[in-house]
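These protein sequences, in sequence, are chains A and B. Going by the numbering used here, 163 is the number at position 163 of the first sequence; the sequence numbering is gapless. One gets the numbering used here by counting positions in the second sequence from 1 and adding 1000 to each.
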Amino acid sequence: MTAPLLQLEDVHRTYGGAVPVHALADVSLHIEAGEFVALVGPSGSGKSTLLGLLGLLDRPTSGTIRVGDRDVSRARDARRTRERGRSIGFVFQQFHLIPHLSALGNVETALLYRRLRRRDRRQRALDALDQVGLSERATHRPVELSGGEQQRVAIARALVTDPRIILADEPTGALDTANAELVMELLQTLPDANRAVVMVTHDLSLAERADRQVRLRDGYVVEDTGAEP
Amino acid sequence: MRSTVELVLVAVRGLFARPMRTALILLGPIIGVGAIVAAVGLTESAKGDVNATLDELGTNLVTVQASAGLSQPGQLPRLPEETKERMLSISLVESVSVVTELPGHRVLPHAAAAEAFEVLPISVRAADGELPTVLEVELTWGRWLDSWDELDGHRTVVLGAEAAAAFAVLPGEARTILIDDRRYGVAGVLDPVPLVPSYDLSVFISFAAAATDFDDDGGPTQALFRVDPTAQLRDDDAVFLNTVITAGGPGGIDAPVVPTDALEASAAVDETLRAVVLLMGGLALLVGGLGIANVMSISVLQRSAEIGIRRAVGHSRIRLAGQFLLEAMVVGVLGGLLGAALGAGIVVVGADYRDWTLVLEPSLLVGGALLAIAVAVVSGLVPAVRAARLEPLETLRLG
């Protein structure tokens, strides 16, 4: 059996200070290719902390994080950055597109500094925009796009590097119902033989549409519908 | 290499996403470098002009004037009549000319013009045959006073350039002018004398004519001489000259004057001005640098989401720092080039306006532009480091 895409073992994350805050305690989580995982829990439950760790934006206080078979728990920033660029795509609630770049430019940003030919980079970005149905809007700037379109550009940006894992943080949180539905449908198409999607949400109806729910409370995983028995 | 090109493009795009702000922070380096280039270029051009003039005139002309001791009532103080011979006995003196100023005479182009020319202060001077040689000045036309004039006291006159212009004397014209109603034939016109400007509004007659027509038989009022160009005049030379000229007799001379000193002094005044403008240019550049640092620090905060997302998609801290450093550098390059062009323009226009020899060293332009780049890069360091240190986890507001 191949290694999980992302693997957390006994992960703790404590924020320093005179009185340490245990943001995450004793979390073990395996994420396999093809899964669509929803992380749910009230605010303060440790969702953001977990997302930061899954996205290699942070290091655990103790425990192990593996991407494929590579242990990155203690990795320095430069290595985590490299690993992030290679394996992880992000989608944010607030889209976080770069305002002065076109849709195409925003998607291309994820492919910079990778020794790609300009033409190849552009083609890959166009393909990714095509995949989210926005190839017609490639030259538009974020202000010229609707919220739903902006979020789809952000998904194209996450997809263009062909990552193993896509981390979506409240991806429909800033969208109206119709656009939210469009984005959810798009996200549901993404898990495949090499890729998983992890979505953070507090919306239980959205979480129901994922094929696995991980519930957090006070820093602990209280329920994991996909956990091996 | 490819990554570097990409980084430069990212920086340029980031910079020109806000063209107005970029234009404003460009002003600092433009004004700074422009002022520095203009200050150096203009003073060099002015100095080049003074140097060219000094080369042409020679800095070894010295004039001495009789001091008040030997004066008769109604006359200017006089040097001894043997002044010329005595001075020529000094080995460092190469040539000598003596001149006597004859005050209180009226010079007119013709009798009917009395009213029109009454107030024009044209001086009458008696001079020897060597004056143009010692001054190194040519005649515009005609000839200088010679031994024929000197022998018989002929009424011949040579006009200074401005006097000739005032009397509308045409080149080669057979003309007479009136000195106290005595008719003098114009033998020639002297070119302008930059070292002794008062000669331009003078007319020159022979000593013999001065004696015959105006009863002047004293010594000269002034001696002009060229010294060995390698010799330096010292303070005690005045005493030495005084002794040689008076030979122990009564009277004396005022301190010798080197007319070109005034020109050199005018160039020295410009040095001070240049230092002030340089200082102001440096200040503008410094303030410009602070402006870049300030605006870019704010920009880093405003663009924290952009920085976060770039870090999230795998851009390293070094690339982020490089991106912002390059933005500052582009400001420096553009500001430096535009500033150097502005300064060069000021120098070209200024030198043309003042009729100066244009002196514009390419190294000055390159140096000015490099200075702007250096200031911009140093100013960009702090914002760049700040950008690199931002934690994506904090700027992206997860959850």
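Glycine included, every Cβ here is placed at the ideal spot set by N, Cα and C.
- Task: Since I believe Val1189 (chain B) is in contact with Val1158 (chain B) (beta carbons under 8 Å), could you give me their beta-carbon distance rounded to a whole number of angstroms?
- Result: Contact flag correct, Cβ pair sits at about 7 Å.
- Item | Per-residue contacts from Leu1396 (chain B) into chain A (C-beta, under 7 Å) | Chain A residues near Leu1396 (chain B): Phe92, His96.
- Message: Between A:Glu170, A:Leu112, A:Leu56, which has its C-alpha nearest Ser205 (chain A)'s C-alpha?
- Response: Relative to Ser205 (chain A), the option among A:Glu170, A:Leu112, A:Leu56 whose CA is nearest is A:Glu170.
- Task: Using only the heavy atoms of the ligand FAD, determine whether one of them is closer than 7 Å to the beta carbon of Gln93 (chain A).
- Result: No copy of the ligand FAD appears in this structure; indeed no ligand is present at all.
- Item | chain B within 8 Å of Asp58 (chain A), Cβ atoms only | For Asp58 (chain A), a Cβ of chain B is located within less than 8 Å of the residue's own Cβ.
- Item | Close-in-space but distant-in-sequence residues of the same chain around Val239 (chain A) (CB under 6 Å, 5 per side omitted) | Any property of residue 239 (chain A) remains undetermined from this structure, which presents chain A solely from 1 to 229.
- Item | Opening and closing residue of the alpha helix (DSSP H) in which Met1020 (chain B) lies | Where Met1020 (chain B) is concerned, the enclosing alpha helix (DSSP H) stretches over 1019-1057.
- Query: For Ala1161 (chain B), which option in B:Asp1146, B:Gly1142, B:Ser1147 has the closest C-alpha, if you only look at C-alpha atoms?
  - Reply: Residue B:Gly1142 is the option with its Cα nearest to Ala1161 (chain B).
- Query: Beta carbon of Ile1025 (chain B), beta carbon of Val1331 (chain B): below 8 Å?
  - Reply: Against a cut-off of 8 Å, the Cβ pair of Val1331 (chain B) and Ile1025 (chain B) comes out as a contact.
- How is Pro229 (chain A) classed by DSSP in three states: helix, strand or coil? At Pro229 (chain A) the pLDDT is 46, less than 50, meaning the model places this residue with poor confidence; the figure from the coordinates comes in the next sentence. In the structure shown, the three-state DSSP call for Pro229 (chain A) is coil.
- Compare the C-beta of Gly85 (chain A) against all C-beta atoms of chain B and say whether one is closer than 8 Å. Output row for Gly85 (chain A): interface = yes.
- Task: Have a look at B:Leu1131, B:Ala1223, B:Ala1374, B:Tyr1199 and flag the residue whose alpha-carbon is nearest the alpha-carbon of Pro1256 (chain B).
- Result: The shortest C-alpha separation from Pro1256 (chain B) is found at B:Ala1223.
- Could you give the residue range of the alpha helix (DSSP H) that holds Trp1141 (chain B)? For Trp1141 (chain B), there is no enclosing alpha helix (DSSP H); the enclosing beta strand (DSSP E) has its first and last residue at 1139-1142.
- Is the Cβ-Cβ distance between Ala1209 (chain B) and Arg1155 (chain B) less than 8 Å? Yes, these two residues count as a Cβ contact at 8 Å.
- Message: So with CB distances below 9 Å, who are the chain B contacts of Ala78 (chain A)?
- Response: Listed along chain B are Ser1316, Arg1317, Ile1318, each with a C-beta nearer than 9 Å to that of Ala78 (chain A).
- Which listed residue (B:Leu1325, B:Ile1346, B:Arg1389) has its alpha carbon closest to that of Ile1373 (chain B): Its Cα nearest to that of Ile1373 (chain B), the residue B:Leu1325 stands out among B:Leu1325, B:Ile1346, B:Arg1389.
- Task: Pick out whichever of B:Leu1371, B:Leu1358, B:Ile1298 has its Cα sitting closest to the Cα of Val1382 (chain B).
- Result: The closest CA to that of Val1382 (chain B), considering only B:Leu1371, B:Leu1358, B:Ile1298, is found on B:Ile1298.
- State yes or no: is the beta carbon of Pro1029 (chain B) nearer than 8 Å to at least one beta carbon in chain A? Using a CB distance cut-off of 8 Å, Pro1029 (chain B) does not count as an interface residue toward chain A.
- State the CB to CB distance for the pair Leu145 (chain A) and Leu129 (chain A), rounded to an integer number of angstroms; the pair is presumed to be in contact (CB under 8 Å). Not quite, the Cβ-Cβ distance comes to about 11 Å (not below 8 Å), so this is no contact.
- Message: Between Pro229 (chain A) and chain B, is the shortest Cβ-Cβ distance under 8 Å, so that the two count as touching?
- Response: Here the model assigns Pro229 (chain A) a pLDDT of 46, short of 50, so the residue's position is not dependable, and the following value carries that caveat. False, the Cβ-Cβ gap to chain B never drops below 8 Å.
- Thinking Ala1277 (chain B) and Ala1039 (chain B) are a contact (beta carbons under 8 Å), I'd like their distance in whole angstroms, please. The identity of residue 1277 (chain B) in the sequence shown is Val, whereas the question assumes Ala. Between the beta-carbon of Val1277 (chain B) and that of Ala1039 (chain B) there is about 3 Å, and that keeps the pair under the 8 Å contact cut.
- Task: Could you confirm whether any beta carbon from chain B is found closer than 8 Å to the beta carbon of Gly52 (chain A)?
- Result: With respect to chain B, the C-beta atom of Gly52 (chain A) has a partner C-beta closer than 8 Å.
- Item | C-alpha gap between Val21 (chain A) and Lys47 (chain A), whole angstroms | Taking the straight line from one Cα to the other gives about 15 Å.
- What does Ala110 (chain A) touch in chain B if you count any residue whose Cβ is under 7 Å from its own? Ordered by position in chain B, the residues that pass the 7 Å Cβ test against Ala110 (chain A) are Val1313.
- Query: So which residues of chain A does Ala1321 (chain B) contact, with C-beta pairs closer than 7 Å?
  - Reply: Near Ala1321 (chain B) there are no residues of chain A at all, since even the closest Cβ is about 13 Å away, more than 7 Å.
- Message: Just to confirm my understanding: we take Val214 (chain A), look at its own chain, exclude 5 residues before and 5 after, and list those with CB closer than 8 Å. What are they?
- Response: Contacts found: Leu29, Val37, Ala38, Leu39, Val40, Val221, Glu223, Asp224, Thr225, Gly226.
- Task: Under 7 Å Cβ to Cβ from Thr201 (chain A), same chain only, skipping five residues before and after it: list those, please.
- Result: Same-chain partners within the cutoff: Ala38, Val40, Glu170, Ala207.
- Tell me, which residues are paired with Asp1185 (chain B) by DSSP? It is Gly, not Asp, that sits at residue 1185 (chain B) in the sequence shown. Partner(s): B:Thr1156, B:Thr1176.
- Item | Complete runs of the alpha helix (DSSP H) confined to the stretch 1253-1306 of chain B [at least 4 residues] | Runs of the alpha helix (DSSP H) spanning 4 or more residues and lying entirely within the stretch 1253-1306 of chain B occur at 1260-1302, in chain order.
- Query: Which residues in chain A sit within 7 Å of Glu1006 (chain B), going by Cβ to Cβ distance?
  - Reply: Chain A residues near Glu1006 (chain B): Leu112, Tyr113.
- Item | Where the alpha helix (DSSP H) containing Tyr1353 (chain B) begins and where it ends | First-last of the alpha helix (DSSP H) with Tyr1353 (chain B): 1317-1353.
- Message: Could you tell me the alpha carbon to alpha carbon distance between Leu1464 (chain B) and Glu185 (chain A), rounded to whole angstroms?
- Response: As shown, chain B starts at 1001 and ends at 1399. That puts residue 1464 (chain B) outside it, with no answer to give.
- Check the Cβ-Cβ distances between Thr81 (chain A) and every residue of chain B, and say whether any is below 8 Å. Closer than 8 Å: yes.
- Message: Would you call the stretch 99-114 of chain A in contact with the stretch 150-163 of chain A, where contact means no fewer than 3 C-beta pairs closer than 8 Å?
- Response: These segments touch.
- Message: For the beta strand (DSSP E) containing Ala1066 (chain B), name the first residue and the last one.
- Response: According to the DSSP assignment, Ala1066 (chain B) belongs to no beta strand (DSSP E), since it is labelled neither H nor E.
- Message: Check this for me: beta carbons of Ala1321 (chain B) and Ala1376 (chain B), under 8 Å apart or not?
- Response: No; because the gap between Cβ atoms is not below 8 Å, this pair is not in contact.
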